[in-house]
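**Q** Counting with the working numbering, you get residues 8 to 342 for the letters of the sequence shown.
In this text, a Cβ means the ideal position worked out from N, Cα and C, and glycines have one as well.
In this text the structure is predicted, and so the values were computed from the model without any measurement.
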Amino acid sequence: MEQNKKTIFSGMQPTGAITLGNYLGALKNWTTLQEEYNCLYCIVDMHAITVRQNPAELRKNARNLLIQYIAAGLDPTKNIIYYQSQVSGHAELGWILNCFTYMGELNRMTQFKDKSKKHADNINAGLYTYPALMAADILLFNTDLVPVGHDQKQHLELTRDIAMRFNTIYGDTFTIPDPYIGKVGAKIMDLQEPTNKMSKSAEDKNATILLTDKPDEILKKFKRAVTDNFANIKYDVENQPGISNLISIYSAITNKTYDEIENEFAGKGYGDFKVEVAQAVIETLKPIQQKYDELQKDKAYIDNIIKENTEKANYKAQKILRKVQKKIGFPPIIR
Ligand code: TYM
């Protein structure tokens with residue numbers, strides 16, 4: 008890790024195979040930022056347990072997610088890739104920041120409101136204070152930039168508020184992080200209900216493309232994607248949300264602008280366009296899936312990455328945690 012580079016932190020929940028939304032909104036951007044920044048990419052298993060998880064599945068999903076990070080192009084010698092639960096500083100700073108987060112702020116979090124509706128039988132305190140833990144994840148490393156999809160914007164704003172509040176009381180302690188939200192791909196929508204964001208938890212399997220989907224599944228899902236009757240390939244979220252979503256997926260993958268795509272497909276049918284989008288996605292995911300399958304076979308290599316990166320993350324985390332503990336008046340550790 009180089010001294011003069013700025014720091015990036017981001018993470019994903021290990022709650023099943025990740026979606027094309029996770030990839031285009033976050034992971035793809037992570038791979039392009041890794042040269043310019045010192046990056047930490049976390050598997051946020053502590054966040055995942057705010058919803059009931061099957062232990063064996065959680066363990067498997069966490070490891071698969073870590074492998075997916077690497078398969079998608081994150082170099083584990085340049086980026087610190089690790090499990091949140093193995094760096095205790097997250098929990099420790101999380102508690103401290105809980106004491107600097109107001110209930111009024113947490114009450115406003117739209118993700119909490121959505122998840123409470125979805126999991127009405129398990130609205131636990133962790134689900135409620137989740138944003139304070141997320142703030143701790145970020146602030147624990149004096150992060151400058153946080154690459155995320157659009158749905159995390161509100162949590163990031165709260166993180167900034169918490170950091171500024173702390174700094175006002177105790178003097179300059181935390182770096183105030185900026186969000187990095189891509190111009191395209193930051194909000195990929197559900198293929199069946201294109202006014203909802205694409206999500207792992209969608210009940211209709213046709214609604215979501217997973218990074219592990221085989222080419223024929225991807226093609227089938229795109230062919231079934233909901234569109235409209237305008238017969239016009241135009242980016243118009245208000246009136247044509249389905250086709251606009253396909254345009255943004257295609258744009259995020261090919262780097263073509265919306266105008267270029269509209270011109271390229273002017274006069275063509277939705278059927279043709281859907282096949283083009285599917286092919287572009289299939290081609291992008293193919294090398295990732297191949298690498299993923301290869302890495303799955305190399306247990307010792309992955310274990311070693313986990314071991315080395317966890318040590319690095321713990322070392323960095325402890326430094327900032329000690330500083331915070333001192334500022335708020337916890338007694339020094341006597342060695
Ligand atoms: P999670 O696991 O829900 O999502 C991981 C990342 O994927 C992005 N994303 C999307 N982007 C575009 N379109 C979509 N349909 C879509 N769905 C998800 C998310 O914005 C996110 O960037 N709370 C976070 C995890 C987290 C975190 C952090 C992130 C915990 N601590 C600290 C950054 C920094 C979450 O649940 O992401």
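1) Just to check my reading of the structure: F229 and K263 have Cβ atoms closer than 8 Å, yes? What is that Cβ distance to the nearest angstrom?
2) Would the beta-carbon of K125 be found less than 7 Å away from any heavy atom of the ligand FMN?
3) Does the contact criterion of 3 or more C-beta pairs under 8 Å hold for the segment 27 to 43 versus the segment 163 to 171?
4) Under the three-state reduction of DSSP, which class applies to L72: helix, strand or coil?
5) Could you check if T22 is buried or exposed, using at least 16 other CB atoms within 10 Å of its CB as the buried criterion?
6) Going by CA-CA distance only, name the one from T182, D121, A132 and L73 that's closest to D158.
7) Rounded to whole angstroms, what's the CA-CA distance from V343 to T202? Just pull it up for me.
8) Under three-state DSSP, which class holds G18?
9) Examine the Cβ distances between the segment 116 to 135 and the segment 77 to 88 and report whether three or more of them are shorter than 8 Å.
10) So the candidates are A132, N321 and Q332; which of them puts its Cα closest to the Cα of S95?
11) If you compare alpha carbons, which of E271, Y187, F173 and T84 is closest to L152?
12) For the segment 212 to 279, which segments carrying the alpha helix (DSSP H) assignment without a break, of at least 4 residues, lie completely within its bounds, in sequence order?
13) By DSSP, does N86 sit in helix, in strand, or in coil?
14) Mapping the DSSP letters down to three states, classify V288 as helix, strand or coil.
15) Whose CA, out of M19, A24 and Y30, lies closest to the CA of T291?
16) On the three-state DSSP scale, how would you describe Y187?
17) Straight-line CA distance for E112 to G133?
**A** So, from the listed chains and residues:
1) In this structure, F229 and K263 do not form a Cβ contact; the two beta carbons are roughly 17 Å apart against a cut-off of 8 Å.
2) In the structure shown, the ligand FMN is absent; the only ligands present are the ligand TYM.
3) They do not touch, by the three-pair rule.
4) Judged by DSSP in its simplified three-state form, L72 adopts helix.
5) Answer is buried; the Cβ neighbour count reaches 16.
6) Taking only the C-alpha atoms, the option nearest D158 is D121.
7) Because the chain spans 8 through 342 in this model, residue 343 falls outside it and cannot be assessed.
8) Secondary structure of G18 (DSSP, three-state): strand.
9) No, because fewer than three Cβ pairs between the segment 116 to 135 and the segment 77 to 88 fall closer than 8 Å, the two stretches do not touch.
10) Of all alpha-carbon atoms in A132, N321 and Q332, the one lying nearest the alpha-carbon of S95 is that of N321.
11) Taking L152 as reference, the option from E271, Y187, F173 and T84 with the minimal CA-CA separation is Y187.
12) For the alpha helix (DSSP H) assignment, the uninterrupted runs of no fewer than 4 residues enclosed by the segment 212 to 279 are, from N- to C-terminal side, 222 to 230, 248 to 261 and 265 to 271.
13) Here N86 sits in strand by DSSP.
14) Secondary structure of V288 (DSSP, three-state): helix.
15) Of all alpha-carbon atoms in M19, A24 and Y30, the one lying nearest the alpha-carbon of T291 is that of Y30.
16) In the three-state scheme derived from DSSP, where H, G and I count as helix and E and B as strand, Y187 is classed as strand.
17) In this structure, the CA atom of E112 is about 15 Å from the CA atom of G133.
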